[in-house]
Amino acid sequence: QYAAATQGSGFIGWGAGFGFDFKNTGINALTRQPYDVTGFTGFLFWIKGTTTKIRVSVLSTDVVPPTEGGTCSTLCNDAHGLLIDVTNTWTEHVVPFSMLKQEGWGTPETLAPPNVLSILFQTAAAVPFDHRVDDVGLY
10 QYAAATQGSG FIGWGAGFGF DFKNTGINAL TRQPYDVTGF TGFLFWIKGT TTKIRVSVLS
70 TDVVPPTEGG TCSTLCNDAH GLLIDVTNTW TEHVVPFSML KQEGWGTPET LAPPNVLSIL
130 FQTAAAVPFD HRVDDVGLY
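The opening residue of the sequence shown carries number 10 in my numbering; numbering runs sequentially from there.
Listed below in structure tokens is the structure:
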């Protein structure tokens with residue numbers, strides 16, 4: 010009955026996206042804290058939308074600069090993720106943490122389960138989109 014929804018077009022710099030922090034005690038990136046996902050294999054969610062692919066990523070303190078609550082000092086924000094297929098019908102995706110890889114333009118880091126901050130859903134630049142995401146969980 011309810012889902013996170015986002016739509017837009019015209020984003021030419023790097024695209025657009027949305028996500029959520031696992032643990033945030035305030036109102037901005039500096040108040041988020043790591044959430045230890047050591048006891049989990051990955052995450053799952055349902056999605057439908059108008060683009061054919063989006064990147065789903067896990068952001069950790071290791072790839073985020075201190076101004077955003079992390080420890081990265083150079084070439085930051087290359088989060089661990091993967092491209093997923095999106096259709097106009099609800100589809101469940103099960104994503105093991107072991108499948109997530111950095112895109113390769115940032116400082117290389119291993120995804121450390123105790124340092125996870127957020128999950129992000131990102132659309133490429135210049136792609137109009139209308140997405141719905143529901144039932145995000147860890148497994």
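Glycine residues also receive a C-beta, built at the ideal position from the N, C-alpha and C atoms.
For residue i and residue j, which I take to be in contact (beta-carbon distance under 8 Å), what is that distance rounded to the nearest angstrom?
{"i": "T60", "j": "T15", "result": "That belief does not hold up - the Cβ atoms of T60 and T15 are roughly 11 Å apart, past 8 Å."}
{"i": "L53", "j": "V104", "result": "7 Å"}
{"i": "K62", "j": "T98", "result": "Not confirmed; about 16 Å, so no contact."}
{"i": "T50", "j": "F106", "result": "7 Å"}
{"i": "G35", "j": "A134", "result": "Not quite, the Cβ-Cβ distance comes to about 30 Å (not below 8 Å), so this is no contact."}
Whole angstroms are fine: how far does the CA of residue j sit from the CA of residue i?
{"i": "T83", "j": "G115", "result": "8 Å"}
{"i": "G48", "j": "F20", "result": "37 Å"}
{"i": "T8", "j": "D30", "result": "Coverage of the chain is limited to positions 10 through 148, which leaves residue 8 absent and any answer about it impossible."}
{"i": "A13", "j": "V145", "result": "10 Å"}
{"i": "V46", "j": "D71", "result": "15 Å"}
{"i": "A121", "j": "W55", "result": "25 Å"}
{"i": "Q111", "j": "F27", "result": "18 Å"}
{"i": "N33", "j": "G79", "result": "13 Å"}
{"i": "V142", "j": "M108", "result": "20 Å"}
{"i": "C81", "j": "H102", "result": "29 Å"}
{"i": "I93", "j": "T119", "result": "21 Å"}
Please report the residue range of the beta strand (DSSP E) in which residue i lies.
{"i": "G14", "result": "Reading off the sequence shown, one finds Ala at residue 14, where the question assumed Gly. It spans 13-17 - the beta strand (DSSP E) in which A14 sits, taken as one unbroken run."}
{"i": "F138", "result": "138-147"}
{"i": "G51", "result": "51-58"}
{"i": "R41", "result": "Unbroken run through R41: none, as it is neither H nor E."}
{"i": "D30", "result": "25-30"}
{"i": "Q131", "result": "125-132"}
{"i": "V65", "result": "62-69"}
Closer than 6 Å: is that where the CB of residue i sits relative to any heavy atom of the ligand FMN?
{"i": "T116", "result": "Here there are no bound small molecules, and the ligand FMN is not part of this structure."}
Can you give, in chain order, each stretch of the beta strand (DSSP E) that sits fully within the stretch 83-114 and has at least 3 residues? Counting whole runs of 3 or more residues, the stretch 83-114 contains the beta strand (DSSP E) stretches 89-94, 100-105.
Between the stretch 132-143 and the stretch 31-47, do three or more beta carbon pairs fall short of 8 Å? The stretch 132-143 makes no contact with the stretch 31-47; the number of CB pairs closer than 8 Å stays below 3.
With a cut-off of 8 Å, do at least 3 Cβ pairs link the stretch 57-71 to the stretch 88-108? Short answer: they touch.
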